[in-house]
Amino acid sequence: AQKVTQAQTEISVVEKEDVTLDCVYETRDTTYYLFWYKQPPSGELVFLIRRNSFDEQNEISGRYSWNFQKSTSSFNFTITASQVVDSAVYFCALQGGTGGFKTIFGAGTRLFVKA
Amino acid sequence: TAGITQAPTSQILAAGRSMTLRCTQDMRHNAMYWYRQDLGLGLRLIHYSNTAGTTGKGEVPDGYSVSRANTDDFPLTLASAVPSQTSVYFCASTPTSGGATDEQFFGPGTRLTVL
Chain A
94 AQKVTQAQTE ISVVEKEDVT LDCVYETRDT TYYLFWYKQP PSGELVFLIR
144 RNSFDEQNEI SGRYSWNFQK STSSFNFTIT ASQVVDSAVY FCALQGGTGG
194 FKTIFGAGTR LFVKA
Chain B
1366 TAGITQAPTS QILAAGRSMT LRCTQDMRHN AMYWYRQDLG LGLRLIHYSN
1416 TAGTTGKGEV PDGYSVSRAN TDDFPLTLAS AVPSQTSVYF CASTPTSGGA
1466 TDEQFFGPGT RLTVL
């Protein structure tokens, strides 16, 4: 069965600190896709990134970066120089393989960034 | 561009009553989904539809039903609400059917309280 674990329930940092949100997944499939979504206090869910299982290249987008390591089944998300606007719940998700198009979400990590 | 709209925004419902949560998308996406979001559990798939005229069960389908008469609309019905159905409900869509690579587009959510 596929599973996504986000062990950090809540993280609190002070503005300008770097923070890493962990995501560990389980799947027996060789082809799958990993996603991160952001849910700000307003409640909507916003897509951040998609990564396929054959592409282990790390990605950087502004202050956001993602580290995908198949060897440890992890897809961690780092925010550099965090800002108050980064305060949100972040979800890691898994799609593909035996699950097909169905998305398995982690429980989410709530990030508080204090000014 | 509206994307996905959901109605109502929030609702308080007496146990035993029925209710339909509405979801409409204007992106002509083939696949649509209903999730419930509960604290500590992330998002869990209730029902899905790969294309108009077809529906399928997700992870937590009991107590819910859906229909997909056309591409744009995907209503979720609670036939006889129970307090455990208190949750935030999100409707989502993806462009293709069975597309494991697709990111999900989410509606703003409906907050339902069953008393």
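In the order they appear, the protein sequences are chains A and B. The first sequence begins at 94 in my numbering and counts up by one. The second sequence begins at 1366 in my numbering and counts up by one. Every residue gets a Cβ at the ideal spot worked out from N, C-alpha and C, and that includes glycine. Remember, it's a predicted structure, so these values are computed and weren't measured experimentally.
Closer than 8 Å at the beta carbon, the chain B residues around residue i
| i | result |
| --- | --- |
| Ala200(A) | Gly1405, Leu1406 and Gly1407 |
Which of helix, strand or coil DSSP assigns to residue i
| i | result |
| --- | --- |
| Lys131(A) | strand |
| Asp1403(B) | strand |
| Ser158(A) | strand |
| Thr1370(B) | strand |
| Lys109(A) | coil |
| Thr165(A) | helix |
Any chain B beta carbon closer than 8 Å to residue i
| i | result |
| --- | --- |
| Arg143(A) | yes |
| Asp126(A) | Position check: residue 126(A) holds Tyr in this sequence, whereas Asp was assumed. Chain B, which has a Cβ nearer than 8 Å to the Cβ of Tyr126(A), makes this yes. |
| Leu114(A) | no |
| Phe140(A) | yes |
| Glu103(A) | no |
| Asn120(A) | Note that residue 120(A) corresponds to Thr in the displayed sequence, not to Asn. With 8 Å as the cut-off, Thr120(A) does not count as an interface residue toward chain B. |
| Thr123(A) | no |
| Thr98(A) | no |
| Lys131(A) | no |
| Lys109(A) | no |
| Phe184(A) | yes |
| Glu152(A) | no |
| Glu149(A) | no |
| Gly136(A) | yes |
Any chain A beta carbon closer than 8 Å to residue i
| i | result |
| --- | --- |
| Gly1418(B) | no |
| Gln1469(B) | yes |
| Leu1477(B) | no |
| Leu1386(B) | no |
| Thr1466(B) | yes |
| Gly1423(B) | yes |
Within chain A, partners of residue i - CB distance below 8 Å
| i | result |
| --- | --- |
| Pro1440(B) | Result: empty, since nearest Cβ-Cβ is about 20 Å, beyond 8 Å. |
| Leu1410(B) | Lys195 and Thr196 |
Which residues DSSP lists as bridging residue i, in chain order
| i | result |
| --- | --- |
| Tyr1398(B) | Tyr1413(B) and Ala1457(B) |
| Asn151(A) | Paired residue(s): none; Asn151(A) is not in a bridge. |
| Cys1388(B) | Gln1371(B) |
| Tyr118(A) | Val97(A) |
Proximal chain A residues relative to residue i, where beta-carbon distance stays under 7 Å
| i | result |
| --- | --- |
| Gly1428(B) | What Gly1428(B) touches in chain A: nothing, since even the nearest Cβ is about 19 Å away. |
| Pro1473(B) | Gly136 and Glu137 |
Contact set between residue i and chain B, taken where Cβ atoms lie within less than 9 Å
| i | result |
| --- | --- |
| Phe161(A) | The contacting residues do not exist; Phe161(A) stays about 15 Å from chain B at best. |
- Task: Run through the stretch 1416–1450 of chain B for me and flag every whole beta strand (DSSP E) of 3 or more residues, listed as ranges in chain order.
- Result: 1429–1431 and 1441–1443
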